[in-house]
């Protein structure tokens, strides 16, 4: 069934006059008459009685009008939804993030949702190495990762993070003294392999040594143990934004303190929703959040 013919039927039924209906449909009156005649011929039903007072629905036309209105409405709804999908305004996106973007990723998503409220979003804390694998298979659409991704993944840098030492007090200890005074708290390797590798490189290149180490499951536990005076931790500066009061942040100097943080995606997979998210992040996060993250 041609939707255009049903729209002509519904409009003429509502207007009750060929001239008014043709004007509303942006067609000529002869073209509208031809459409109605064609529909009546296809259905083998007279839909309208024609007279000096315009077009009046026949009993058969009255019976079919509600169904025609429903079909036209569904057609319009489908086309509207298809238009939203075609511009990436409706759909789904799965996003991964890590320690360095614990603060940034949710804010980028909030900004994106203001522009695209119909997008369903999942956000999961996943180590960068695992994100690369999920991006490659298409299980993730966007990854906030701690270093540039390798081909075939695309990558856009966002900011540079750096290590800081988190301590339970502001005692005038040096970094070396803190590492001898309290255990160094670290994530389990399977949870924080990238951060642990950065910490090991920093310690090695700056000839620093931790007298003791203690591994824990998550960053919140590390912060709690630091507040309790049980240990110290080398953490990304960006994590300072979630650190509770009662702990001291000690800036560091030396080699291998910094690393790049950005977003990665699989450009081999077409995804308009993902592309809109990338544009939002590139436009918003760099101008709005970089000064906060790097202070």
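Numbering (full-length UniProt numbering), first residue to last: 1 to 295. Even glycine gets a Cβ: it sits at the ideal position worked out from N, Cα and C.
Given a threshold of 16 other Cβ atoms within 10 Å of its Cβ, counted over all protein chains shown, does residue 42 qualify as buried or as exposed? exposed
Counting only the same chain and skipping the five closest in sequence on each side, list residues whose C-beta sits under 6 angstroms from that of residue 101. 144
What is the DSSP secondary structure of residue 38, counted as helix, strand or coil? helix
In this structure, what does DSSP give as the bridge partners for residue 236? 163
Can you give the Cα-Cα distance for residue 258 and residue 121, rounded to whole angstroms? 30 angstroms
Identify every run of the alpha helix (DSSP H) within the region 102-135, keeping only runs that are complete inside it and at least 4 residues long; order them along the chain. 104-115
Need the endpoints of the beta strand (DSSP E) that residue 213 sits in, please. 213-216
DSSP on residue 25, reduced to helix/strand/coil? When DSSP states are grouped into helix, strand and coil, residue 25 belongs to the helix group.
Paired residues, beta bridge with residue 178 - DSSP: Answer is none; residue 178 lacks a bridge partner.
If we count the other Cβ atoms within 10 Å of its Cβ and call it buried at 16 or more, is residue 186 buried or exposed? buried
Do you know whose CA, among 219, 202 and 35, lies nearest residue 192's CA? Nearest C-alpha to residue 192: 219.
Burial state of residue 92 (16 or more Cβ within 10 Å): exposed
Excluding the 5 residues flanking residue 5 on each side, which residues of the same chain have their C-beta closer than 7 angstroms to its C-beta? Within the same chain, and ignoring the five residues on either side of residue 5 in sequence, the residues whose Cβ sits closer than 7 angstroms to its Cβ are 35, 38 and 39.
Can you round the beta-carbon distance between residue 194 and residue 214 to whole angstroms, since I take them to be within the 8 angstroms contact cut? In fact, because the Cβ distance is near 19 angstroms, the residues do not count as touching under 8 angstroms.
Taking only the alpha-carbon atoms, compute the straight-line gap between residue 88 and residue 131 and give it to the nearest angstrom. 23 angstroms
How should residue 133 be labelled, buried or exposed, when 16 other C-beta atoms within 10 angstroms of its C-beta is the threshold for buried? exposed
Rounded C-alpha distance that separates residue 280 from residue 115: Rounded to whole angstroms, residue 280 to residue 115 spans 9 angstroms at the Cα level.
Hey, would you say residue 184 sits closer than 8 angstroms to residue 234, going by beta carbons? In this structure, residue 234 lies closer than 8 angstroms to residue 184 by Cβ.
Cβ-based burial, residue 271 [other Cβ within 10 Å; buried from 16]: Of the residues assessed, residue 271 falls on the buried side of the cut-off, its CB having 16 or more other CB atoms within 10 angstroms.
Sequence-distant residues of the same chain with beta carbon closer than 6 angstroms to residue 148, five excluded per side: Excluding residues within five positions, the ones whose Cβ falls inside 6 angstroms are 155.
Let me make sure I understand the geometry here. Which of 137, 3, 225 and 138 has the alpha-carbon closest to that of residue 74? 3
Suppose you measure from the CA of residue 196 to the CA of residue 76; what does that come to, to the nearest Å? Going from the Cα of residue 196 to the Cα of residue 76 covers about 55 angstroms.
Using DSSP's beta-bridge definition, name the partner residues of residue 188. Paired residues: none, contrary to the question.
Same chain, Cβ closer than 6 angstroms to residue 95, neighbours up to 5 away in sequence not counted: Cβ contact annotation for residue 95 (same chain, cutoff 6 angstroms, sequence separation greater than five): 123 and 142, in chain order.
Measuring alpha carbon to alpha carbon, tell me which residue in 103, 46, 166 and 113 is nearest residue 125. Minimum Cα distance to residue 125 is reached at 103.
Would residue 27 and residue 72 be called neighbours here (beta carbons separated by less than 8 angstroms)? no
Note down, in chain order, each residue of its chain lying with its Cβ closer than 6 angstroms to the Cβ of residue 14, except the 5 sequence neighbours on either side. none
Where residue 161 falls, given that 16 or more other Cβ within 10 Å makes a residue buried: buried
Can you tell me where the beta strand (DSSP E) holding residue 341 begins and where it ends? A question about residue 341 goes unanswered here, because the residues of the chain that appear run from 1 up to 295.
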